[in-house]
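Following: one structure in structure tokens, then a few remarks.
4 protein chains.
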Amino acid sequence: MRQPTAAYHTLMTPDTVEGLRQRLLQFAQARDWLQFHSPKNLSCALVVEAGELLEHFQWLTDEESRNLAPAKREAVAAEMADVFIYLVQLSSAMGVDLVQAAQQKIDLNEQRYPADRARGHNKKYDEL
Amino acid sequence: MRQPTAAYHTLMTPDTVEGLRQRLLQFAQARDWLQFHSPKNLSCALVVEAGELLEHFQWLTDEESRNLAPAKREAVAAEMADVFIYLVQLSSAMGVDLVQAAQQKIDLNEQRYPADRARGHNKKYDEL
Amino acid sequence: MRQPTAAYHTLMTPDTVEGLRQRLLQFAQARDWLQFHSPKNLSCALVVEAGELLEHFQWLTDEESRNLAPAKREAVAAEMADVFIYLVQLSSAMGVDLVQAAQQKIDLNEQRYPADRARGHNKKYDEL
Amino acid sequence: MRQPTAAYHTLMTPDTVEGLRQRLLQFAQARDWLQFHSPKNLSCALVVEAGELLEHFQWLTDEESRNLAPAKREAVAAEMADVFIYLVQLSSAMGVDLVQAAQQKIDLNEQRYPADRARGHNKKYDEL
Chain C
1 MRQPTAAYHT
11 LMTPDTVEGL
21 RQRLLQFAQA
31 RDWLQFHSPK
41 NLSCALVVEA
51 GELLEHFQWL
61 TDEESRNLAP
71 AKREAVAAEM
81 ADVFIYLVQL
91 SSAMGVDLVQ
101 AAQQKIDLNE
111 QRYPADRARG
121 HNKKYDEL
Chain D
129 MRQPTAAYHT
139 LMTPDTVEGL
149 RQRLLQFAQA
159 RDWLQFHSPK
169 NLSCALVVEA
179 GELLEHFQWL
189 TDEESRNLAP
199 AKREAVAAEM
209 ADVFIYLVQL
219 SSAMGVDLVQ
229 AAQQKIDLNE
239 QRYPADRARG
249 HNKKYDEL
Chain S
257 MRQPTAAYHT
267 LMTPDTVEGL
277 RQRLLQFAQA
287 RDWLQFHSPK
297 NLSCALVVEA
307 GELLEHFQWL
317 TDEESRNLAP
327 AKREAVAAEM
337 ADVFIYLVQL
347 SSAMGVDLVQ
357 AAQQKIDLNE
367 QRYPADRARG
377 HNKKYDEL
Chain L
385 MRQPTAAYHT
395 LMTPDTVEGL
405 RQRLLQFAQA
415 RDWLQFHSPK
425 NLSCALVVEA
435 GELLEHFQWL
445 TDEESRNLAP
455 AKREAVAAEM
465 ADVFIYLVQL
475 SSAMGVDLVQ
485 AAQQKIDLNE
495 QRYPADRARG
505 HNKKYDEL
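Chains as they are written, first to last, in my numbering: chain C, 1 to 128; chain D, 129 to 256; chain S, 257 to 384; chain L, 385 to 512.
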């Protein structure tokens, strides 16, 4: 049954966060999983996947992390996908528009980190 | 200088993950921050933000996490934005298309978790 | 009332993990907090504190992380304490002897990582 | 060669955090691993293990997390051991006395959370 679902997806939903969110909602509903998808549980799952992502880098140097072998890169991409999936599901559970929330946070960061004062160092805004 | 940047954003980039990615890239470039944005460092930052997200829920019941007061909900949305921002920056550093990676992972999950066998319980696919 | 408690602690409990565990148990009981200390919640709290620990290092180079300024070092020590406190409380909630569990894990790691094969590289045991 | 090491451990070091710390130091030195054990890397490893710990609980209710089947309990204990091992190794790398740091933090928490005001609820000290 995968083909029809994939086809449906390709035809009917634009390839955006909202398209992804709707597909994930249908996926969870079809399995009666929304009962498990409280914001608390989804946040737990998200942090678990973030840990699995970091696991790939924990013993690497910065430089090595910038030059991954193809198989490792694929594995990292799959963990990134898992983080994204839980984040999108959390946005459903919370009723938060992810892209809008991120745009607003960047607006704030542009105020907190003026380019001329923040340039080239890694201090937090309250240390600038 | 925030207004022009925001205006530029609104006019020139669609409100998508790719638009967000380009805006974040310009933000980091303007501050000479790409030197810090190795996949290792961005994964660290992502997991730190995921922890800050979870902090809001750590002592709540499932039910309480589904019924947050408005101020708490805003705070959670801001942490979700931070997670998303680092994830999108990581996608730049890794050259990974986030939405595509997520769609492919859902394709895989549809195979791993057939709706009729996965319905209503929380087992991992290798325990089904 | 802090002095008597501290005095009691100094006199009655040896400065060990078990002494710490008993002190934390009394601390939680006196505040009627054991109702919140499920293994799930304590694991959430532990991962949150682990994230706060990592936050201090997220943008540092390896070398910088080995040479912290005194104030930063104190802040890191306080986060390590928080991680340890939740881990010890989790050991109470789970009935697990932490030191013994760690000793057994090192026994296992000595088998998984024979010194002559594991020397000087950072591969996982199933890649050796 | 495991038996002699274990025997050595049993005979020569008390079963304490300091005994564990010394054993782990010898373990890392014998494999020339201290080069990887920067505070940054050890903090990454710690948060990764904390995530693996939380993974066992992510979809469970609070009540289920208090009543684990024996095999699950063993698996959780092994993850707790991993967290503890990295925390002890970090204490070596940082020159921090873990038990002392924890005792001091509890001293502070006794001031922040007076029993009569903190009893029975889960508010943070600055919300009391």
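We put the CB at the ideal spot given by N, CA and C, even for glycine.
Any C-beta of chain S under 8 Å from that of residue i
i	result
residue 424/L	yes
residue 67/C	no
residue 203/D	no
residue 153/D	no
residue 162/D	no
residue 489/L	yes
residue 178/D	yes
residue 183/D	yes
Alpha-carbon to alpha-carbon, residue j and residue i
i	j	result
residue 239/D	residue 302/S	34 Å
residue 221/D	residue 145/D	15 Å
residue 407/L	residue 471/L	14 Å
residue 259/S	residue 487/L	Interpretation of residue 259/S is limited by its pLDDT of 41, a score under 50 that renders its predicted location unreliable; the figure taken from the coordinates is listed afterwards. Using only the alpha carbons, I get a separation of about 13 Å.
residue 374/S	residue 384/S	7 Å
residue 147/D	residue 420/L	38 Å
residue 505/L	residue 345/S	17 Å
residue 253/D	residue 436/L	17 Å
residue 513/L	residue 347/S	Because chain L is modelled from 385 through 512, residue 513/L falls outside the range shown and cannot be assessed.
residue 209/D	residue 371/S	45 Å
residue 299/S	residue 364/S	24 Å
residue 459/L	residue 438/L	11 Å
residue 482/L	residue 241/D	44 Å
residue 191/D	residue 153/D	39 Å
residue 60/C	residue 432/L	14 Å
residue 123/C	residue 251/D	43 Å
residue 312/S	residue 184/D	20 Å
Proximity test, Cβ basis, 8 Å: residue i and chain D
i	result
residue 276/S	no
residue 510/L	no
residue 72/C	no
residue 285/S	no
residue 400/L	no
residue 91/C	yes
residue 446/L	yes
residue 506/L	yes
residue 356/S	no
Contact belief for residue i with residue j at Cβ below 8 Å, rounded distance in angstroms
i	j	result
residue 27/C	residue 234/D	6 Å
residue 166/D	residue 66/C	5 Å
residue 186/D	residue 297/S	6 Å
residue 50/C	residue 83/C	6 Å
Min CB distance residue i to chain L below 8 Å
i	result
residue 210/D	no
residue 88/C	no
residue 368/S	no
residue 301/S	no
- prompt: Using 8 Å as the Cβ pair cut-off and three pairs as the minimum, do the region 70-78 of chain C and the region 31-38 of chain C touch?
  reply: no
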